[in-house]
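Position 53 of the sequence shown, counting from 1, maps to 55 under the numbering used here, and the rest follow consecutively.
All residues carry an ideal CB built from backbone N, CA and C; glycine is no exception.
It should be emphasised that the depicted structure is a prediction, and the values quoted were computed from it without experimental measurement.
Here's the structure, in structure tokens; my notes come after.
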Amino acid sequence: MTSSVEIIVAPEQEEQSQLSLSTAAARNLATTTKSVPQMQEITSRWLLRTLPWVHVGGGTYRVNRRLTYTIGDGRVTFTNDGDQIRVVPAELGELGLLRGFDDPEVLQQLANQFTKHEYAPGEVIAEFGSPAQQVYLIAHGKISKIGSGEYGNTVQLGVFADGEFFGEQSLLEEQSIWEFTAKAMTSVTVLALPKQAFAALTGQSEPLREHVNRYQRARGRPQNKHGEAAIVMSAGHEGEVPLPGTFVDYELTPREYELSVAQTILRVHTRVADLYNEPMNQLEQQLRLTIQALRERQEYEMVNNRQFGLLNNADLRHRIHTRTGPPTPDDMDELLSMRRSTKMFLAHPKAIAAFGRECTARGIYPTPVEIDGHRIPAWRGVPIFPCGKIPISDGHTTSIIAMRTGEDDQGAIGLHQIGIPDEYEPSLSVRFMGINEQAVMSYLVSAYYSVAVLVPDALGVLDSVELSSRA
3 MTSSVEIIVA
13 PEQEEQSQLS
23 LSTAAARNLA
33 TTTKSVPQMQ
43 EITSRWLLRT
53 LPWVHVGGGT
63 YRVNRRLTYT
73 IGDGRVTFTN
83 DGDQIRVVPA
93 ELGELGLLRG
103 FDDPEVLQQL
113 ANQFTKHEYA
123 PGEVIAEFGS
133 PAQQVYLIAH
143 GKISKIGSGE
153 YGNTVQLGVF
163 ADGEFFGEQS
173 LLEEQSIWEF
183 TAKAMTSVTV
193 LALPKQAFAA
203 LTGQSEPLRE
213 HVNRYQRARG
223 RPQNKHGEAA
233 IVMSAGHEGE
243 VPLPGTFVDY
253 ELTPREYELS
263 VAQTILRVHT
273 RVADLYNEPM
283 NQLEQQLRLT
293 IQALRERQEY
303 EMVNNRQFGL
313 LNNADLRHRI
323 HTRTGPPTPD
333 DMDELLSMRR
343 STKMFLAHPK
353 AIAAFGRECT
363 ARGIYPTPVE
373 IDGHRIPAWR
383 GVPIFPCGKI
393 PISDGHTTSI
403 IAMRTGEDDQ
413 GAIGLHQIGI
423 PDEYEPSLSV
433 RFMGINEQAV
443 MSYLVSAYYS
453 VAVLVPDALG
463 VLDSVELSSR
473 A
């Protein structure tokens, strides 16, 4: 009898049946918790938060100042055709000697007298004690202004850069010498006007000769170190000494700041506003984000606007350049020293990082300050607020702003008007414009603002701030 082995294969286990409601199905009956709409464009906007705001009832703010004798200390611009560089004739009016002179023919003749010179890094352009025979306009590059210290040591007095000039006094003085040494820090291109060429043209042009004479008379008027008309007084005398009479003269044409505006039209369909307002009001959320964008644009304009923006309204006597490239503690100290009671710095976050690297390289660790619960980087106790609205030129250079603020301190102030019609926030209105034939509602959203600098030394700028780290 043959035995056999029977192999029994167990049937596959049936798939286990679902014992409870799936989460996917359950979500159809659940309420979703939602966030309000988010927006990457929103920044801290420290300028708007920290600047003192002044109500401007008539829409215009006039800055009355003591009379100042304008001596001219601007910057000139150039044009180039290939390697040929020329100064724009009208820009010669930025020189103090030519401020207010507007004869285009004579200015063109002057511009034609400038000659181009190039210097390599380290070359001396003008040497201390040597005769000063020409004025230099810097078309490109940086020049170190070097002087002699009290004990004969060499000290750096400052930096000249693109658009600036020096040696203007040589055009008027019979025998003048260079009071400092000018040495090229980088490759430098300058345009030079010889004293003899200027004297020859002055002799030929009656309008230019009269203008120069008026300028020399103005230089002789009593004035303080800021160029303001002097207030004559007597001090330290004894007995019945006749006292001088005086008065405080004012500018006849003070500057006026009109409130600027940022506007947009917000459109919302009535069906959206009627049916989709739970749990969030659609119109409120649309307004919230629109207003945030307007405030961002407001801060940008307050920094960069060509008429009233801080970067474009800094007095050129209060604009300095970095000594080496990146912002160093020495540069920040010099910026601080140019005004009293500096309340704040404004800098691009990348500039703050560059300054931090320079401090770390020197073994310096500045103590931050606490403002509104935030720890803010600081230098000498003055907070350095981040402001991404400050532009970065060519990807590697930017500026740092230093300010004194407030009306009582003759500083920088924000201007706005409160109580305007349909006001939604201070100096910001939301005005209903109606419903069109497509059932779309329109709202005009307007923000009114400006910024004023009460006296020139309230605002200073450190230019040519390099963001690259040390090699």
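In three-state DSSP terms, what is residue i?
i	result
isoleucine 437	strand
glutamine 115	coil
proline 91	helix
phenylalanine 103	coil
asparagine 30	helix
serine 470	coil
valine 463	strand
glutamine 265	strand
glutamine 110	helix
arginine 68	strand
threonine 344	coil
threonine 362	helix
glycine 98	helix
valine 457	coil
alanine 163	coil
leucine 446	strand
arginine 257	strand
isoleucine 354	helix
threonine 52	helix
threonine 25	helix
isoleucine 415	strand
valine 270	strand
glutamine 20	coil
tyrosine 367	coil
serine 37	coil
glutamine 42	coil
Between residue i and the rest of its own chain, which residues show a CB-CB distance below 7 Å, the 5 nearest in sequence each way excluded?
i	result
glutamine 287	Val38 and Pro39
aspartate 75	Summary for aspartate 75: the model assigns pLDDT 46, below 50, so the residue's position carries little reliability; its value from the coordinates is reported in the next sentence. For aspartate 75, where only same-chain residues beyond five positions count, the Cβ hits under 7 Å are Gly98, Leu318 and Arg319.
serine 46	Pro388
arginine 382	Leu338
Throw me the rounded Cβ distance for the residue i and residue j pair, which I believe falls under 8 Å.
i	j	result
serine 262	tyrosine 451	6 Å
lysine 185	serine 150	Lysine 185 to serine 150, Cβ: 14 Å. No contact.
isoleucine 116	leucine 174	The question names isoleucine, but residue 116 is phenylalanine in the sequence shown. Not really, about 18 Å apart at Cβ, beyond 8 Å.
valine 137	serine 172	6 Å
cysteine 389	alanine 349	7 Å
methionine 304	leucine 312	7 Å
arginine 273	aspartate 465	Wrong, their Cβ atoms sit about 53 Å apart, outside the cutoff.
valine 192	alanine 141	6 Å
Given residue i, which residues of its chain have a CB within under 8 Å of its CB, disregarding the five upstream and five downstream residues?
i	result
asparagine 307	Ser262 and Asn314
glutamine 218	Leu174
proline 256	Arg64, Val65, Asn66 and Arg67
glutamate 425	Ser431
serine 19	none
alanine 441	His271, Thr272 and Arg273
leucine 289	Leu268, Tyr426, Val432, Tyr445 and Val447
What residue from the options has the CA that sits closest to residue i's CA?
i	options	result
aspartate 164	Val78, Leu337 and Thr407	Val78
arginine 319	Leu53, Gln218, Val161 and Glu43	Val161
tyrosine 252	Pro246, Ala232, Gly421 and Ala92	Ala232
leucine 207	Thr25, Leu109 and Pro244	Rather than leucine, the amino acid found at residue 207 in this sequence is serine. Residue Leu109 is the option with its Cα nearest to serine 207.
glutamate 439	His271, Pro423, Lys197 and Glu360	His271
proline 106	Pro209, Leu21 and Leu53	Pro209
arginine 433	Ile422, Leu446 and Tyr278	Leu446
isoleucine 403	Arg341, Asp396 and Tyr367	Arg341
valine 56	Gly462, Gly421 and Gln20	Gly421
histidine 398	Pro379, Ala356, Glu468 and Ser444	Glu468
proline 458	Ser401, His418 and Ala414	Ala414
alanine 380	Pro393, Ile354, Ser395 and Val442	Ile354
leucine 461	Ser429, Ser401, Thr62 and Thr81	Ser401
asparagine 114	Val90, Arg101, Phe103 and Glu96	Val90
threonine 266	Ala275, Leu291 and Thr330	Leu291
glycine 154	Phe130, Gln42, Arg88 and Ile293	Phe130
glutamine 198	Ala134, Glu43, Leu159 and Ile366	Ala134
threonine 81	Gln419, Leu139 and Arg101	Leu139
By Cβ distance, which residues of its chain are closer than 6 Å to residue i, with the 5 residues on each side in sequence left out?
i	result
arginine 211	Thr204
glutamate 125	Ala186
arginine 299	Ala264
serine 132	Trp180
lysine 352	Leu469
methionine 3	Confidence at methionine 3 is low in this model, with a pLDDT of 47, below 50, so the placement of that residue should be treated as unreliable; the coordinate-derived value is given next. Once the five neighbours on either side are set aside, methionine 3 has no close Cβ partner at all.
phenylalanine 357	Pro329
lysine 391	Glu301, Tyr302 and Val305
threonine 248	Ile233 and Val234
Is it the case that the CB of residue i approaches a heavy atom of the ligand MN more closely than 6 Å?
i	result
valine 274	Ligands in the displayed structure: none, and consequently the ligand MN is not present.
Self-check item: In chain order, each beta strand (DSSP E) run of at least 3 residues that lies wholly inside the stretch 273-342
Solution: 321-323
Exercise. May I have a chain-ordered list of the beta strand (DSSP E) segments no shorter than 3 residues that lie completely inside the stretch 370-407?
Key: 371-373, 376-378, 384-388 and 399-405
Self-check item: 3 or more residues per run - each beta strand (DSSP E) lying fully within the stretch 171-251
Solution: Entirely contained in the stretch 171-251, the beta strand (DSSP E) runs reaching 3 residues are, in chain order, 183-186 and 190-196.
Practice problem: At 4 residues or longer, and completely inside the stretch 117-158: list those alpha helix (DSSP H) runs for me, N to C. | Solution: none
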